[in-house]
Amino acid sequence: MNGRNDRELDHLQRKNAGPMYCLRVLVLAGGVLATPSLVWADTRVVFTVDVESNEIRLPDQVNAVCADGAHCGLMEIARLLQERHWSGTFFLNVYEHKQWGERAMRDIAVGLQEADQDVALHTHPQWAYDPNRWAMFQYNLDDQTTIVRDGVRLLQAWTGRPVVAHRAGAYTADEHTLIALERNGVLLDSSLFWQYPNNRLDTTTLPRNVPGNYGRVREIPVTVYLREDRPGVLQTVFDPVTVVRKIDPNWFINEAEMRAAIDAAVASDLPVLVVFFHSFSFMGGGAPGSRLADRHAIEMFHAMLDHVAQKHLKVVSMRDLADEDITRTEPAARDLVPRVTMNIGIPRYAWGRLKASRTSSRAVGAALTILLAGAALVVARRGWKKARSTAASSRTSVTSGVRLR
Ligand SMILES: [Zn+2]
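Per this note's numbering, the very first residue in the sequence shown carries number 192; after that it's consecutive.
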């Protein structure tokens, strides 16, 4: 942390898939139709990557090559960013040193920095503290202060740079986390994921989707949008299913959704667009040694890089945001959650309705009825089309027959 940023922050006041889908996209910001013709330039993009083990050991993710020969590891993500001269922010779960050793973790941090990437702190406390308490909010203020302090010390020693940004594992930050960051001089947090069940920052006065300040810590939320899923037929009959989505290559149905989500964020004048990714995002299922690449995620990521470049959006890291005079970018940000509407087809729509209404058996019954009705409709339409096609071919035959005569 440096004195300049301290002074700057002192001035701030705390304040409040696939080709089968028939797609139609409407970009709506705050309920008002917005168009992509608005000025594009002001939204800045931060590519963020949470670096951690899942069922795949972190050391095995670093330079992974998948079964089809695709480079599908953490460093491939870094390479794709570096190729465009962009720096993403990689939130490293430093506490995994208990499992893999400090040397392995330091090598990851140094390797990312040597690829011109920014390394920040990610806190999954169960790796080094209480194995039964996986969420930051399960620890009291003093414990969280210790967790952050230990992580900052490790990361700073490995990278030789101040630790300026943090994301809580599984978005489990609460207000104590932000105070713990402040106590340790960490300037930025990016744990707020609006309406995510683990998130405990929704109860604060922090904005949902634009930067806000909590004491001397600046919150840069994970960018979200509302996706309204429609069945593609009988839209006046069936209500849309609305879900909160983040800008994540593993979450998009297809490229059109990715482009619509980014365009909607920009049309809403969000000052910062936080893209979300994991170190294992390019890796699919399969056994070690024959693991499949997640082709869909890789394609989404490539397409996203192209889209950001085509729109001339500025790419920055969390460190860049911490370095600048953030008071200048503050005033005009409206806390909008953009809407993206997609026609997703009947099966996916019915499934969404089921998930949305799983607490009510009556609602489940209704959703199943919708599914069956939808399926019946599809069958009926196919039958009708077939009949029409048969009739048309009969007419053609007759006509041809007439001509032949
Ligand atoms: Zn994590």
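Even glycine gets a Cβ: it sits at the ideal position worked out from N, Cα and C.
To which residues of the same chain is F443 closer than 6 Å at the C-beta, ignoring the five residues directly before and after it? Within its own chain, the residues whose Cβ lies closer than 6 Å to the Cβ of F443, once the five positions on either side in sequence are excluded, are M449, M491, listed in chain order.
When you measure from the CB of N441 to every non-hydrogen atom of ligand 1, does any distance come out below 7 Å? It does not: the Cβ of N441 is nowhere closer than 7 Å to a heavy atom of ligand 1.
For a quick check, are the C-beta atoms of F473 and C263 less than 8 Å apart? Yes, these two residues count as a Cβ contact at 8 Å.
So who's on the other strand from D309, going by DSSP bridges? DSSP lists T280 as partners of D309.
Hey, how far is the Cα of M266 from the Cα of L392? Distance between the alpha carbons of M266 and L392 is about 31 Å.
May I ask which residues mark the beginning and end of the alpha helix (DSSP H) holding A403? Residue identity differs from the one stated: residue 403 is Gly in this sequence, not Ala. In this chain, G403 is not harboured by any alpha helix (DSSP H); it is covered by the beta strand (DSSP E) spanning 403-405.
Let me know the secondary structure DSSP gives L379 once reduced to three states. Per DSSP, reduced to three states, the secondary structure at L379 is strand.
Using CA coordinates, which residue listed in I438, L378, M296 is at the minimum distance from S244? Checking every option, the nearest Cα to that of S244 belongs to M296.
Chain-order list of residues whose beta-carbon lies under 6 Å from that of D460 (same chain, five-residue window excluded): Taken in chain order, the list of residues that qualify is empty.
Looking at S382 and A173, is the spacing between their C-beta atoms short of 8 Å? Look at the range of the chain in this structure, 192 to 596, and you will see that residue 173 is not part of it.
Is the closest heavy atom of ligand 1 to the C-beta of H634 under 7 Å? The structure shown does not extend to residue 634, since the chain is modelled only from 192 to 596, so the question has no answer here.
Meets three-Cβ-pair contact criterion under 8 Å: the segment 374-389 and the segment 398-413: Here the segment 374-389 makes contact with the segment 398-413; the two share three or more CB pairs at distances below 8 Å.
Am I right that L417 and V435 are in contact with their C-beta atoms under 8 Å? What's the rounded C-beta distance? Sure, about 6 Å apart at Cβ, within 8 Å.
Of all the CB atoms in chain D, is at least one closer than 8 Å to the CB of A306? Of the protein chains in this structure there is only one, and it is not chain D.
From the DSSP output, read off the bridge partner residues of V408. The partner list for V408 (beta bridge, DSSP) reads Y405.
Determine the direct distance from the alpha carbon of Q304 to that of V310, and round the result to whole angstroms. Between the C-alpha atoms of V310 and Q304 there is a straight-line separation of about 7 Å.
Could you have a look at R544 and say whether DSSP puts it in helix, strand or coil? Three-state DSSP puts R544 in a helix.
Can you tell me whether DSSP reads F328 as helix, strand or coil? Residue state, collapsed to three classes: helix.
Any non-hydrogen atom of ligand 3 closer than 7 Å to A361 Cβ: What this structure holds is ligand 1, not ligand 3.
So what does DSSP say about T234, is it helix, strand or coil? Coil.
When you compare the segment 312-327 with the segment 344-362, are there three or more beta-carbon pairs, one atom per stretch, that lie closer than 8 Å? Touching, yes.
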